[in-house]
Structures are given as structure tokens and as C-alpha cells.
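Going letter by letter, the sequence shown gives residues 0 to 433 in numbering that gives the first Met the number 0. Built from N, CA and C at the ideal position, the CB exists for glycine as well.
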Amino acid sequence: MSRITKCVTCVKMGAGRVLCALISLVIVCGCNCVSISRQLPVEDFLYPSQYHNYEEITNLFRDLNSTYPHLARLHSIGKSIQNRNLWVLEISENVHNRSLGEPMFKFVANMHGDETVGRELMVFLAQYLLKNYGSDARVTKLVNTTDIFLMPSLNPDGYEASQEGLCDSKSGFEGRVNANGADLNRDFPDQFDIEKMHRNIFDGRQNETVAVMTWIVSNPFVLSGNLHGGAVVASYPFDDSGTGQECCVESPSPDNALFKHLATVYSSAHPLMRSGNACPPEQFNGGITNGAQWYEVQGGMQDFNYVHSNCFEITFELSCCKFPNASMLPMEWANNKESLLSFIEATHMGVKGVVTDEDGNGIEGAQVVVAGIQHNVTTTSLGEYWRLLLPGSYNLAVTAWGYEPVEPVPITVVQGNTTVINFSLRASQPGIYN
Ligand SMILES: [Zn+2]
0 MSRITKCVTC VKMGAGRVLC ALISLVIVCG CNCVSISRQL PVEDFLYPSQ
50 YHNYEEITNL FRDLNSTYPH LARLHSIGKS IQNRNLWVLE ISENVHNRSL
100 GEPMFKFVAN MHGDETVGRE LMVFLAQYLL KNYGSDARVT KLVNTTDIFL
150 MPSLNPDGYE ASQEGLCDSK SGFEGRVNAN GADLNRDFPD QFDIEKMHRN
200 IFDGRQNETV AVMTWIVSNP FVLSGNLHGG AVVASYPFDD SGTGQECCVE
250 SPSPDNALFK HLATVYSSAH PLMRSGNACP PEQFNGGITN GAQWYEVQGG
300 MQDFNYVHSN CFEITFELSC CKFPNASMLP MEWANNKESL LSFIEATHMG
350 VKGVVTDEDG NGIEGAQVVV AGIQHNVTTT SLGEYWRLLL PGSYNLAVTA
400 WGYEPVEPVP ITVVQGNTTV INFSLRASQP GIYN
């Protein structure tokens, strides 16, 4: 979340906003609220209710890594300006060896250092997945079938400069920005920035941005959530319309219907987000919005994911107050737990498979084309692909340099399952591509 005006209401209302909203829900719809109250969390890792600073997250994640060596792998994708590690905890069955066709999912939190709910949700989610693996069927299935990456903070320096209880950014945006004063969610290459189009896309960018850009383009992530605060809404691409306007221009991507669905997966499971009016006076139909329709972001991370990689990313704004008091965190876990799990599960939809040559060797860099949707995905070094799609009928084709084109294959995508379609390509006759 970024516009200062959006946060005026947070300052006025303070950290009690979510509680107020829940209380009003009790009044308006008693039976629903009973179920919300019952969901108030019992997990022991939520207490004592407190934030974890950089050192504490480092120690906690190291402990998880050593307690669950086959399920958790802690690594850093780079360093912040002030030399803090950009930690990622990877969680999956047999975590050191991703199986063929297993999709990769990521959550990235706290790129605005003073938007802190997502950061702590990653701390909670990591423990929830690891502690319940093997005893909870849903968690076990998710961890067995998905390679899950949790990044609690892309801006650890900003977090350390922020202050608990402040619902809006400090003056000069200290804490929101990184240690160089840069807003990381404006620091990515933008598809409409013609002037910089031909430069090396990494030139002149912040350490944190370069680290996460490299991570995104080097790995075949399928789905991603970008966790923010200062509003309660799921915002989907595009964030930029190229019009130069501040807001109110819908900027749909070729996968607009899919993105709306993915945003709704999260919002509909969130008792406040789905109402669309968690932070009055703002209203969001169904708790979702097109990014540019809400307000334009040039150089944002979610557009970068879609334009420069195979990954589909949605931005989730999680709390009216950017840095609510720690006492609110168990309730935030209760509000978001089902949404977080459901969104990771959405990695398993559409179609996936392997593209090989006639000898069964994976073909890297093949383009998987869905007729009618101008957004291809490319295969991994093992020939794998994943293409998120809504239920329906499609024609799927594959092209690869040096191989003969294949006729489009009619496929059916159903709810709740990934369709598997493998392709075997025949090498072109020598000379064809002279
Ligand atoms: Zn933000």
C-alpha cells in the first residue's frame, strides 16, 4: 500500500480497527462471528504475542532448519544495504531435491519495512506447516506436493527502522523505504518504461531488488503472494497502465480472469477482506481490485513477475494499520490462515507436464502456448512447465527452437486438479533454421 491518504484512516482508527470490524460483524451477523471467534487461534507458536526482529527471525529459522532438516532449508538470496541476509525458508518434502513436476510457490513479505503483518504471518506459517506435517492431512499433502518458499522480509533494514504501533509511515517514509531511501516496490523494470527498455534490467537498482529479481528469473516459480499493509484487499496485475495517470484506469493482463480468480481465492477466505470495506471509506467489490484501477504503481514487483517470468503474483494488503500492536497478531493469523493455505493450494490448477525430445530428454526454453491467451510459459532445464488456467477447454501448443512444431492439443482443465499433458518433439531437419 502506498498512498499517504489511504493511511489517514488507519491513523485515526489505530490498531483496534480489525477488532472493531470483528465486533461490528458480531452485531451484524452473529452466526458468522461465532465461527470467527472459534477460529481465534490456539497454536502455541502465536504466544507470547510479539514481533520478531532480524536476529530473532534468523535464530528461529535456523532452529527450524535444524529441527526439520528434511522439510526445511534456510538460505539467503542476497544482502540488504546494511548487510542483513534476505532469508528464505523453503519447505517441502525432501526439501533438498525437488521432484520432477513439483511446482514452486513463494510468499514475499515486508518489502515495505513498516508493513509488518505479512512478515509475522510468514513466521507463523513456517511453524504451522512444519509442526503439522505428518499429522494434519491437508498440510502433509501441501508440503508433499509443493515446493514452498517463505520470505519474511525483503526489506529487513526498513523493518529495523520502523516502530510498532505506527499505523502510517514515518515522515520521509523511513522504514517503508530501504536504507538508501528507495521504495523497493517502485524499483523494478517497468514494461512501459520505454526509455530504459534497452538497458541491462539490473542496472542502477537496489541490492534487495537485484537479489529478488535474480531469484525470480532464475527459478520456475508458478504462483506468488506479495504481502503488504495499509489496506485490506487483494490487488492483481497490472499495477501500471502506461497512461501516466495516478489511478482509475483498469489495466488488465492477458490472464485477467485467472488473476481475478486467484485474488478471490485469498479474499473470499478472509473474513474482513471479502467484505470489501474493512478500511472505510474504501470499498472493493469482493475484496479484490485491479492494481492500476486502484492506483498506479510503476516499477512494482507483481508486474515484473508476470512480464519477466512464468510466475503469477498477487499483492495482498493485509491490515488497515501498517504496523499494528503485537497483540493483534494472533487475530491476524486467524484472519489469514485459511487464505494463506488456499492460495498455496491454488498452485495446483491448470495444466502441467514435461516437454522432451524423442529420446526422452527434457527440452529447456520451449514455449507453451495457450490459444487465445497472449502469455506463454517456458520450460525449465528439465523440460517441465506449469500453466495456471481456470477450468474449461483450451488448445495447447508447444514450440521450441530446433524442433518441429506440434499441432495444438485440445485439453480440459477441471476444478481442483492439475491436468497433465506431456509433449514429445521431433528435431527439425538440419538446415531448416539456417
Ligand atoms: Zn506496501
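With a threshold of 7 Å (Cβ to nearest heavy atom), would G436 be considered close to ligand 1?
The displayed coordinates of the chain run from 0 to 433. Any statement about residue 436 would go beyond what the structure contains.
Looking at Y132: is its Cβ nearer than 8 Å to the Cβ of V122?
no
May I ask you to report which of helix, strand or coil DSSP gives T418?
strand
Where does L395 fall in DSSP's three states?
strand
When DSSP labels each residue in this structure, what does Q366 get in the three-state scheme?
strand
Would you call the region 88-104 in contact with the region 174-192, where contact means no fewer than 3 C-beta pairs closer than 8 Å?
no
Contacts around V419, its chain only, beta-carbon distance under 7 Å, and the 5 residues preceding and following it disregarded:
K351, G352
Do you know offhand how far D167's Cα is from A160's?
13 Å
Y232 and T288 closer than 8 Å at C-beta
The displayed chain sequence assigns Val, not Tyr, to residue 232. Going by C-beta atoms, V232 is nearer than 8 Å to T288.
Identity of the residue in N335, G112, L389, E403 nearest E173 by Cα
G112
Between the region 291-298 and the region 234-246, are three or more C-beta pairs nearer than 8 Å?
yes
Mind checking whether the beta-carbon of G371 lies closer than 7 Å to any heavy atom of ligand 1?
no
So, Y265 versus I313, is the Cβ gap smaller than 8 Å?
yes
Contiguous beta strand (DSSP E) assignments of at least 3 residues, all confined to the region 314-369:
349-356, 366-369
Delimiting residues of the beta strand (DSSP E) encompassing F148
146-150
S217, enclosing alpha helix (DSSP H) - first and last residue:
206-217
Please determine whether the Cβ atom of E114 lies at a distance below 7 Å from any heavy atom of ligand 1.
yes
When the Cα atoms are used, what is the spatial distance from D182 to R175?
7 Å
Whole runs of the beta strand (DSSP E) within the region 77-161, excluding any shorter than 3 residues
84-90, 103-108, 146-150
Buried or exposed, going by whether 16 or more other CB atoms sit within 10 Å of the CB of A20?
Only weak support exists for where A20 lies, its pLDDT of 38 falling under 50; the coordinates are left without a value.
What is the DSSP secondary structure of H227, reduced to helix, strand or coil?
strand
Where do the N-terminal and C-terminal ends of the alpha helix (DSSP H) with E403 fall, by residue?
Run containing E403: none; DSSP gives neither H nor E here.
Local Cβ density within 10 Å of Y435, reported as buried at 16 or more and exposed below that:
This structure cannot settle anything about residue 435, because the visible part of the chain is limited to 0 through 433.
Given this structure, state the Cα-to-Cα distance separating G364 from N109, to the nearest angstrom.
32 Å
Just to confirm, is the Cβ distance from V211 to I76 under 8 Å?
yes
Please tell me whether N52 has its Cβ less than 8 Å away from any Cβ of chain B.
Here there is only one protein chain, and chain B is not present.
Can the beta-carbon of R118 be found closer than 8 Å to that of S152?
yes
Measure the alpha-carbon distance for V412 versus M348 and round it to whole angstroms.
8 Å
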